[in-house]
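Residue numbers (this note's numbering), protein chains in the order written: chain X, 1 to 261; chain W, 262 to 527.
Glycine included, C-beta positions come from ideal geometry on N, C-alpha and C.
Step one of this worksheet: look at the structure below.
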């Protein structure tokens, strides 16, 4: 209960600050839409030069992209920790966080949330419906439930990977440019992973499991039965990666000595 | 200019600052290689059985992708975010009374960062990529020369756009949206994700009139030898044109910004 009320108090504060700079808020929502459009344009341009991608049609790839946007939107709304090292470790903000009686990771999540990113959920759903109807997919009674589980699983995978990367800062406070590059790698989970060689496929499945935030769960809705095992692993991988990340984070906080002055 | 030594010093300091963090860059090379590798296989799948698309074969495309990302390490910088932050924190007021041009300093810091990444990131990265993937390097010395001139212009044009985006904070006060939007636009319109020649004709016609092609498309096309002969000179001409033209809005914005400077908070 305590955490719920803390969350809503932060959310209210957040809305107040954002509404102060309305012009920027509008630009930000537009730039999010633009970002979502860019990847769609990439797919459209590419399929202007080919009809299938390793046996997957344009609509199927678009569907995967639509799915991806939903967990990704949830991730970006709540896990804005790509600049954790700079903002919290180097500038010493972490000390402030640690003096407060709420779990440090949770504080950072609610401090840094960007609720307007949740618009991506709508875009993603719209793209999925568009592609799904072009493909003639039927909606079963259990689909919304499965979708919810897959989306949560995917968001947790993203969260797990980025929390793990942020945790590195507790041991080494020097700059890494890993986070922005990781965002790029996330894009490759949206294509049928059998186009890659074994090393990259393995990486995208088990090490940086971005394929579970794209092609694997989508395979369930697209009726690609040979990938169902992977599809159902999505929530398991999500929980696993988040658990690893939180354990690492807690270890890191214990190790943390402050940035000095 | 008596204070060109100051600017050189700015390049040196930023370079040394980056050098202190160099170990992290080796892990960065690994991640970049995965990135380029995945892109390579994606393009293999797109090509499928096709020999060439828009006059580029799969090998040229791989080289294009690799060089586009490696060149990005040189021209890319975050000075738009740095400027925005310094404006918001009010530091810019102090910077303005110092005996150098604030924008010049920012540019030099970006150059120091870029030179560091070129030497410690792009060059070793290119070797790794070259070992792992079938990339073809030109044996024509002139191509390399044109390429280096071209990425210098990439840096200039990209930095100019960053200066403009950063300075917009003077007017918007809070600027994360525009900075993010700019990055997306550059990824798409600069030819980093897709060569401009792959776009539908109407889109290509629009992009011809935009400065973004000068950032990634032109150096990459020169490097892959997809541009030959007079095409190279024309392309460099376009870069020079934009590098010159963009000075105008920068100066204009700078003058206006100084006039309406509001230091937020104290």
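With respect to chain W, the C-beta atom of residue 255 of chain X has no partner C-beta closer than 8 angstroms. The CB of residue 181 of chain X comes closer than 7 angstroms to the CB of 289, 292, 293 and 296 in chain W, given here in chain order. In terms of CA proximity to residue 160 of chain X, X:81 leads the group X:49, X:172, X:8 and X:81. When the Cα atoms are used, residue 317 of chain W and residue 241 of chain X turn out to be separated by approximately 41 angstroms.
Separation of residue 432 of chain W and residue 521 of chain W (C-alpha to C-alpha, rounded to the nearest whole angstrom) is 8 angstroms. Proximity of residue 27 of chain X to chain W, defined by a Cβ-Cβ separation below 8 angstroms, is satisfied.
Rounded to the nearest whole angstrom, the C-alpha separation of residue 413 of chain W and residue 334 of chain W is 12 angstroms. Within chain X, the residues whose beta carbon sits less than 7 angstroms from that of residue 306 of chain W are 53, 54 and 195, listed in sequence order. Exclusion of the five residues before and after residue 3 of chain X leaves 102 and 106 as the residues of its chain whose Cβ lies within less than 8 angstroms of its Cβ. For the region 305-326 of chain W, the residues whose beta carbon sits under 8 angstroms from a beta carbon of chain X are, in order, 305, 306, 307, 308, 309, 311, 314 and 315. For residue 517 of chain W, the nearest beta carbon of chain X is not closer than 8 angstroms to its own beta carbon. According to the DSSP assignment, residue 197 of chain X belongs to no alpha helix (DSSP H), since it is labelled neither H nor E. For the region 419-443 of chain W, the set of residues with a beta-carbon nearer than 7 angstroms to any beta-carbon of chain X comprises 433, 434, 435, 436, 437, 438, 439, 441 and 442, in chain order.
If you ignore the 5 residues before and after residue 7 of chain X, its C-beta comes within less than 8 angstroms of the C-beta of 110, all in its own chain and listed in chain order. Here residue 514 of chain W has 425 and 428 as same chain residues with Cβ atoms under 7 angstroms from its own Cβ, once five neighbours each way along the sequence are excluded.
For residue 364 of chain W, the CB contacts under 6 angstroms within the same chain, skipping 5 residues up- and downstream, are 424 in chain order.
Counting only runs of at least 4 residues, the region 341-394 of chain W fully encloses the following alpha helix (DSSP H) elements, listed from N- to C-terminal order: 352-357, 363-378 and 384-393.
Non-local C-beta neighbours of residue 46 of chain X in its own chain, meaning closer than 8 angstroms and more than five positions away in sequence, comprise 53, ordered along the chain.
Residue 442 of chain W and residue 34 of chain X do touch by the CB rule: their CB atoms are close to 6 angstroms apart, below 8 angstroms.
Counting along the chain, the unbroken alpha helix (DSSP H) around residue 32 of chain X starts and ends at 22-46.
Counting along the chain, the unbroken alpha helix (DSSP H) around residue 450 of chain W starts and ends at 437-450. Looking at the DSSP output, residue 314 of chain W sits in a beta bridge with W:317. For residue 24 of chain X, the closest Cβ of chain W is nearer than 8 angstroms. Here DSSP, grouped into helix, strand and coil, assigns residue 56 of chain X to strand.
By the neighbour-count criterion, in which 16 or more other beta carbons inside 10 Å mark a residue as buried, residue 300 of chain W falls on the buried side.
Using beta-carbon distances, residue 158 of chain X does not count as an interface residue toward chain W, since no partner is under 8 angstroms. Taking residue 369 of chain W as the centre and dropping the five residues before and after it, the same chain places the C-beta of 268, 271 and 272 closer than 7 angstroms to its C-beta, in chain order. Below the 9 angstroms Cβ cutoff, chain X contributes 41, 45 and 48 as neighbours of residue 460 of chain W, in chain order.
Using beta-carbon distances, residue 38 of chain X counts as an interface residue toward chain W, with a partner under 8 angstroms. The beta-carbon of residue 184 of chain X is placed less than 8 angstroms from the nearest beta-carbon of chain W. If you keep only unbroken alpha helix (DSSP H) runs of at least 4 residues inside the region 45-126 of chain X, you get 58-78, 93-98 and 104-111. Residue environment analysis places residue 59 of chain X among the buried positions, since at least 16 neighbouring C-beta atoms fall within 10 angstroms of its C-beta. Within chain X, the C-beta atoms nearer than 8 angstroms to that of residue 448 of chain W come from 38, in chain order. Under the three-state reduction of DSSP output, residue 466 of chain W falls in the helix class. From the listed residues W:319, W:342 and W:353, the smallest Cα separation to residue 518 of chain W is found for W:353.
When secondary structure is reduced to three states using DSSP, residue 456 of chain W falls in the coil class, being assigned neither helix nor strand.
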